[in-house]
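Heads up: the sequence lines are chains A and B, in that order. Going by the numbering used here, the first residue of the first sequence is number 5, and it counts up by one from there. Going by the numbering used here, the first residue of the second sequence is number 14, and it counts up by one from there.
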Amino acid sequence: MSQDVPARKRDAKLHPRDTPDPDAPPIQVTGLHKSFGELHVLKGIDLTIQRGEVVCVIGPSGSGKSTLLRSVNLLEWPTKGEVLIEGIRVQDPDVNLDKVRTRIGMVFQQFNLFPHMTVLRNVTIAQEKVLQRSSAEASEVALAMLERVGLSDKVDAHPSQLSGGQQQRVAIARALSMNPDMMLFDEPTSALDPELVGEVLEVMRDLAREGMTMMVVTHEMGFAREVGTRLIFMDDGQIMEAGDPREVLANPQHPRTQLFLSKVL
Amino acid sequence: MALSDIRPTVRRRISRGTSYGVTIVVLALIVAYGSRNWELLSRQFFNGEVFAEVLPNIWVPILNTLLYTVASFVVGTALAIVLALIKTSKGPTRWFAVVFIEVFRGLPAMWTIFAFAYMLSTAFQFRWPGGAIWGGVLALVFVTGAYSAEIVRAGIEAVPKGQREAARSLGMSQLTTTFHVILPQAVRIVIPPLTNEFVMLLKDTALLFIAGATISQRELTTFGRDGLTTYANATPMIVSGLVYLVITVPLTYLVGLLEKKMAVKK
Numbered sequence: 005m006s007q008d009v010p011a012r013k014r015d016a017k018l019h020p021r022d023t024p025d026p027d028a029p030p031i032q033v034t035g036l037h038k039s040f041g042e043l044h045v046l047k048g049i050d051l052t053i054q055r056g057e058v059v060c061v062i063g064p065s066g067s068g069k070s071t072l073l074r075s076v077n078l079l080e081w082p083t084k085g086e087v088l089i090e091g092i093r094v095q096d097p098d099v100n101l102d103k104v105r106t107r108i109g110m111v112f113q114q115f116n117l118f119p120h121m122t123v124l125r126n127v128t129i130a131q132e133k134v135l136q137r138s139s140a141e142a143s144e145v146a147l148a149m150l151e152r153v154g155l156s157d158k159v160d161a162h163p164s165q166l167s168g169g170q171q172q173r174v175a176i177a178r179a180l181s182m183n184p185d186m187m188l189f190d191e192p193t194s195a196l197d198p199e200l201v202g203e204v205l206e207v208m209r210d211l212a213r214e215g216m217t218m219m220v221v222t223h224e225m226g227f228a229r230e231v232g233t234r235l236i237f238m239d240d241g242q243i244m245e246a247g248d249p250r251e252v253l254a255n256p257q258h259p260r261t262q263l264f265l266s267k268v269l
Numbered sequence: 014m015a016l017s018d019i020r021p022t023v024r025r026r027i028s029r030g031t032s033y034g035v036t037i038v039v040l041a042l043i044v045a046y047g048s049r050n051w052e053l054l055s056r057q058f059f060n061g062e063v064f065a066e067v068l069p070n071i072w073v074p075i076l077n078t079l080l081y082t083v084a085s086f087v088v089g090t091a092l093a094i095v096l097a098l099i100k101t102s103k104g105p106t107r108w109f110a111v112v113f114i115e116v117f118r119g120l121p122a123m124w125t126i127f128a129f130a131y132m133l134s135t136a137f138q139f140r141w142p143g144g145a146i147w148g149g150v151l152a153l154v155f156v157t158g159a160y161s162a163e164i165v166r167a168g169i170e171a172v173p174k175g176q177r178e179a180a181r182s183l184g185m186s187q188l189t190t191t192f193h194v195i196l197p198q199a200v201r202i203v204i205p206p207l208t209n210e211f212v213m214l215l216k217d218t219a220l221l222f223i224a225g226a227t228i229s230q231r232e233l234t235t236f237g238r239d240g241l242t243t244y245a246n247a248t249p250m251i252v253s254g255l256v257y258l259v260i261t262v263p264l265t266y267l268v269g270l271l272e273k274k275m276a277v278k279k
């Protein structure tokens, strides 16, 4: 945070509860329940993710893993329970949710790039409209991020001209351009052709190596084993088992984990 | 032997033969009637003298028709976007949009034009600035706004919901998301149906003839009707009809092209 006067003025207007606590865990979920009508998707989730952790979430479809991830930045509003982002109670009506969301990067299964914009514009628009960066500054950041994901030659292309893997890398660059403190990945490689999975995982591996806090819903057990610092197995809206990825994958304790892993490995 | 017993290829050949036969007979009848009554037809419908006399006066009605169409289209589309945004929003205000849309789609356009041009000004004792016809144009704004609102709403709902989620997850506000992410995509989707609406609206300006135009405010239908009564001749009606077709037929084809292009893009 810069120390010039206007910046301080802007901060002063904010409710104190908006200010992130650097010592608090990036993500803290307590007693989280989520229902869609009759359907009880999350049944009491408690989860704390510390800075620099790479938490991989696995589980059968319908187990609630995506819903849990989407609850972290309140794309799904919890039915019960609490979500704290860097110590901020995000459900508090006084909290500026948009501001909190700028610190949580999110990558979707379907990429969700903006199809009517060029690659560059995809990566600059939120910087300009949300962070109020100048277009020159936003472009500079965007180019650096696109370089990082290996797509600096695609700045003028439209998303439809890119492969799935390239689109997903742009989506990652777009999220990173906001300088988030943490990244959420919702099955980032599930919509990709098998030969394009590697390039996306490579980018994610780099991010993990640089110490980014990550929560990844995935079916890539290899990635979970190699990069993850913790593996969570979910089933039926609950966390069934959690622990070191190598251990959980090699020696699952819960019968449901054993059953699931026997099917996917 | 029943028709269904005949082999399909043969049946198709027979039905094609029948349709050619009917076409030829109808054309022959028209030509026969036309050649026998050519004198009457050309005098009544394609009268050179009447044409020469009305030609200098047709440009103002053409411009007026376009003016009424474009004005009500532009304002009506803006209204439609507002109505669509209100209708797709949550909360009780959406009922305002729902009622507005149902009322103006449910009433005959002619009734609405007459009500705006004369009923309101009579009931509330005022004059429309520029004349009653502008009350009629306002009615067209509301009618086309109501129809287009449903088109725009469908367009907004056709934008995948992941687009909104991606924008919101980047910290964009509801408003920024709507204006920079959702609407630009929705507009692309609704260009063909809105062009269609433009054609319908152009034809609906003919209804303004009941709103009482001054000479300088006449649109094409009023122009045709005035010519018909002045000269007791159909030529002005034919001319105005042709002008409508020259505008509407290419636009209709354009809509078809745009739709095909959109389909390919998907």
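Don't be surprised by glycine CBs; every beta carbon is placed ideally from N, CA and C.
Quick one: residues in its chain with C-beta nearer than 6 Å to the C-beta of residue i, no 5 flanking neighbours on either side, listed in chain order?
{"i": "Ser39/A", "result": "Thr83"}
{"i": "Met5/A", "result": "Interpretation of Met5/A is limited by its pLDDT of 38, a score under 50 that renders its predicted location unreliable; no figure is taken from the coordinates."}
{"i": "Ala219/B", "result": "Thr234"}
{"i": "Thr23/A", "result": "none"}
{"i": "Ile251/B", "result": "Phe58"}
{"i": "Phe115/A", "result": "Gln171, Gln172, Ala175"}
Excluding the 5 residues flanking residue i on each side, which residues of the same chain have their C-beta closer than 7 Å to its C-beta?
{"i": "Asp25/A", "result": "Glu90, Gly91"}
{"i": "Glu210/B", "result": "Thr157, Tyr160, Ser161, Ile164"}
{"i": "Leu200/A", "result": "Ser167, Gly168, Gly169"}
{"i": "Thr71/A", "result": "Lys38, Val45, Leu46, Glu80"}
{"i": "Arg250/A", "result": "Arg229"}
{"i": "Leu117/A", "result": "Asn126, Pro163, Gln171, Val174, Ala175"}
{"i": "Ala97/B", "result": "Ala162, Val165, Arg166, Ile169"}
Report the rounded CA-to-CA distance for residue i versus residue j, giving the unit in angstroms.
{"i": "Leu205/A", "j": "Val88/B", "result": "50 Å"}
{"i": "Gln230/B", "j": "Val73/B", "result": "8 Å"}
{"i": "Phe112/A", "j": "Glu224/A", "result": "15 Å"}
{"i": "Leu153/B", "j": "Val259/B", "result": "22 Å"}
{"i": "Val252/A", "j": "Phe192/B", "result": "46 Å"}
{"i": "Gly104/B", "j": "Leu78/A", "result": "20 Å"}
{"i": "Ser75/A", "j": "Val87/A", "result": "8 Å"}
{"i": "Val3/A", "j": "Pro206/B", "result": "Residue 3/A is absent from the model: chain A starts at 5 and stops at 269."}
{"i": "Leu73/A", "j": "Phe189/A", "result": "8 Å"}
{"i": "Pro69/B", "j": "Ile94/B", "result": "39 Å"}
{"i": "Ser85/B", "j": "Glu57/A", "result": "59 Å"}
{"i": "Phe129/B", "j": "Leu151/B", "result": "7 Å"}
{"i": "Arg345/B", "j": "Leu241/B", "result": "In the structure as shown, chain B begins at 14 and stops at 279. Residue 345/B is therefore absent and cannot be evaluated."}
{"i": "Ala11/A", "j": "Ile114/B", "result": "Unreliable placement is indicated for Ala11/A, whose pLDDT of 41 sits below 50; the coordinate value is still reported in the next sentence. In a straight line, the C-alpha of Ala11/A is about 46 Å away from that of Ile114/B."}
{"i": "Ala247/B", "j": "Thr208/B", "result": "31 Å"}
{"i": "Thr233/A", "j": "Pro198/A", "result": "24 Å"}
{"i": "Ala122/B", "j": "Asp217/B", "result": "8 Å"}
{"i": "Met208/A", "j": "Gly184/B", "result": "22 Å"}
{"i": "Val94/A", "j": "Asp50/A", "result": "16 Å"}
{"i": "Gly254/B", "j": "Gly119/B", "result": "28 Å"}
{"i": "Ala28/A", "j": "Gly68/A", "result": "25 Å"}
{"i": "Pro263/B", "j": "Leu270/B", "result": "10 Å"}
{"i": "Ser139/A", "j": "Val83/B", "result": "36 Å"}
{"i": "Leu18/A", "j": "Asn100/A", "result": "Here Leu18/A scores only 48 on pLDDT, less than 50, and its place in the model should not be relied on; the value that follows carries that caveat. So the two alpha carbons sit approximately 8 Å from each other."}
{"i": "Leu124/A", "j": "Ala146/A", "result": "7 Å"}
{"i": "Glu151/A", "j": "Thr222/A", "result": "25 Å"}
{"i": "Leu54/B", "j": "Val172/B", "result": "54 Å"}
{"i": "Arg177/B", "j": "Ile195/B", "result": "7 Å"}
{"i": "Ala142/A", "j": "Glu42/A", "result": "45 Å"}
Please look up how many angstroms separate the CB atoms of residue i and residue j, rounded, as I've assumed it's under 8 Å.
{"i": "Ala224/B", "j": "Ile126/B", "result": "6 Å"}
{"i": "Thr101/B", "j": "Glu170/B", "result": "7 Å"}
{"i": "Met238/A", "j": "Gly63/A", "result": "4 Å"}
{"i": "Gly247/A", "j": "Leu263/A", "result": "About 17 Å separates the two Cβ atoms, so there is no contact after all."}
{"i": "Gly149/B", "j": "Leu79/B", "result": "The Cβ separation is near 16 Å, so there is no contact."}
{"i": "Pro256/A", "j": "Leu265/A", "result": "5 Å"}
Pull the bridge partners of residue i from the DSSP assignment, please.
{"i": "Glu245/A", "result": "Phe237/A"}
{"i": "Gly109/A", "result": "Met187/A"}
{"i": "Thr217/A", "result": "Met186/A"}
{"i": "Gln57/B", "result": "DSSP, once it has assigned bridges, lists no residue as partnering Gln57/B."}
{"i": "Thr52/A", "result": "Gln32/A"}
{"i": "Ser102/B", "result": "Looking at the DSSP assignment, Ser102/B forms no beta bridge with any residue, so it has no partner."}
{"i": "Arg93/A", "result": "Leu88/A"}
Residues in the segment 163-178 of chain B with C-beta within 7 Å of chain A's C-beta atoms, listed in sequence order?
Gly175, Gln176, Glu178
Along the segment 127-149 of chain A, what residues have a CB closer than 7 Å to any CB found in chain B?
Ile129, Ala130, Lys133, Val134
Selection of the segment 196-214 of chain B by Cβ proximity to chain A, strictly under 8 Å
Pro197, Gln198, Arg201
Selection of the segment 245-277 of chain B by Cβ proximity to chain A, strictly under 9 Å:
none
Which residues of the segment 183-197 of chain B have a Cβ closer than 8 Å to any Cβ of chain A? Give them in chain order.
Within the segment 183-197 of chain B, the residues whose Cβ lies closer than 8 Å to some Cβ of chain A are Leu183, Gly184, Met185, Ser186, Thr189, His193, Val194, Pro197, listed in chain order.
Which of the residues in the segment 86-109 of chain A, read from start to end, lie with their CB under 9 Å from any CB of chain B?
Leu101, Asp102, Lys103, Val104, Arg105, Thr106, Arg107, Ile108, Gly109
Taking only beta carbons into account, state which residues of the segment 179-192 of chain A come closer than 7 Å to chain B, listed in chain order.
Considering only beta carbons, the part of the segment 179-192 of chain A lying closer than 7 Å to chain B consists of Met182, in chain order.
Using Cβ-Cβ distances below 8 Å, what residues of the segment 109-138 of chain B are close to chain A?
none
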